[in-house]
Amino acid sequence: MARAFRSVHPYDDTDVIDARAPRTNQAFVGLVALAAFVFDAPLLVALVALQLAVGLVFGRRFCLPCVFYFEVLQPRLGEGPIEDARPPRFANMLGLGFTALATVAFLAGLETLGWVLALVVAALALLAAATGFCLGCELYAFVARRRGVRLVGRRGGLRAWTRVCAWSWRSR
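Numbering-wise, the sequence shown is residues 4 to 175 according to my numbering.
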């Protein structure tokens, strides 16, 4: 199978990212965190934290969901819209913080707190994967706008979320 045309290199052009890659990562994070709760497996939350940390420290080449997207899905689907990589990176940092705190809570015997933190991550990650509304990305974009920082290829956000809400309201 011939490789699809790419306008940016998935691993070398770290300032921008195909907008579908973070959604793939969010689906992975959300599903694994939810599975951890369903199967009462706190170790899975720790593995999500580890995967997020490895991806943030060593880059997309070591982020398993990103590699899956760039090597398996993107060649078949084609490149999606290109956007600034900083908002999803910030969202991953928030996800790492929450899953790391959840892991510490589990180790300290505070299971309820651990599950609350893990379920917050699962809910927000699955929301982002399903709708494109990423709360961490929006927080980053809000602060960036206040500081006068321009984001590359920024689309969607609250306007996209408003369209999703309006569509779901009309379909009732």
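By construction, the Cβ of each residue, glycine as well, lies at the ideal position given by its N, Cα and C atoms.
As the structure is a prediction and not an experimental result, all values here were calculated from the model.
Asked	Found
Looking at the structure shown, is E141 part of a helix, part of a strand, or coil, going by DSSP?	helix
Please classify F101 as buried or exposed, where buried requires at least 16 other C-beta atoms within 10 Å of its C-beta.	buried
Does the count of Cβ pairs from the stretch 32 to 39 and the stretch 117 to 136 closer than 8 angstroms reach three?	yes
Using C-beta distances below 7 angstroms, list every residue in its chain close to G83, excluding the 5 sequence neighbours before and after it, in chain order.	D21, A22, R23
Given 8 angstroms as the limit, is there contact between the stretch 8 to 17 and the stretch 53 to 71, that is, 3 or more CB pairs closer than that?	yes
In the DSSP assignment, what are the bridge partners of V32?	DSSP lists no partner for V32.
Mapping the DSSP letters down to three states, classify V152 as helix, strand or coil.	coil
Among C140, A105, W118, R153, whose alpha-carbon lies nearest the alpha-carbon of F42?	W118
Counting along the chain, where does the beta strand (DSSP E) carrying V19 start and finish?	19 to 21
Does R89 pass the burial test, meaning 16 or more other C-beta atoms within 10 Å, or should it be called exposed?	buried
In the structure shown, what three-state DSSP assignment does E86 receive?	strand
Using the three-state DSSP reduction, which class does G112 fall into: helix, strand or coil?	coil
Would you kindly work out how many angstroms separate the C-alpha atoms of F109 and P45, rounded to a whole number?	7 angstroms
Please classify V146 as buried or exposed, where buried requires at least 16 other C-beta atoms within 10 Å of its C-beta.	exposed
Taking the alpha helix (DSSP H) that V60 belongs to, which residues open and close that run?	45 to 61
In terms of residue numbering, what span does the alpha helix (DSSP H) encompassing V70 cover?	67 to 71
Which residues in the same chain have their Cβ closer than 6 angstroms to the Cβ of G139, if we skip the five residues on either side of it in sequence?	F93, A94, L97
Do you know how far the Cα of P91 is from the Cα of I85?	12 angstroms
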